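Under mature numbering (1 follows the signal peptide of the UniProt record, and there is no 0), the letters of the sequence shown match residues -22 to -1, 1 to 58, in that order.
Every residue, glycine too, gets a C-beta built ideally from N, C-alpha and C.
Computed from a predicted model, the values in this text were never measured in an experiment.
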Amino acid sequence: MQWMCLHSSLGGIFLLTTTNLSWKIQMEKHGKVNGTRSNDTIKLCSGWVTFARCNGIELGDVCLFELQSKSNTVVHIIRN
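This is the structure:
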């Protein structure tokens, strides 16, 4: 397993699917999780909803993010 170091690359990343389609997604630090301050939480912002809709992601599906480079990540969708 490889940890993805995001602190230096916050901004945009490309999410790739196993069918080689790509979407640009913006990321930002999220200050609180369930009311508790957290410095290590990142949220996917603009572009995520389009990615999720185009790939039919539904509640209960699992997205596995596989780091390819600092700006490219392959997303494997495991259906519920």
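For the options F(-9), A30, R57, T(-6), the alpha carbon positioned closest to that of G38 is the one of R57.
Counting only residues of its own chain and dropping the five nearest sequence neighbours on each side, T(-5) has no CB closer than 6 Å to any other CB. Our two residues, L(-2) and E6, have alpha carbons roughly 23 Å apart in a direct line. Each residue's CA atom was taken as its position, placing K48 and F(-9) some 9 Å apart.
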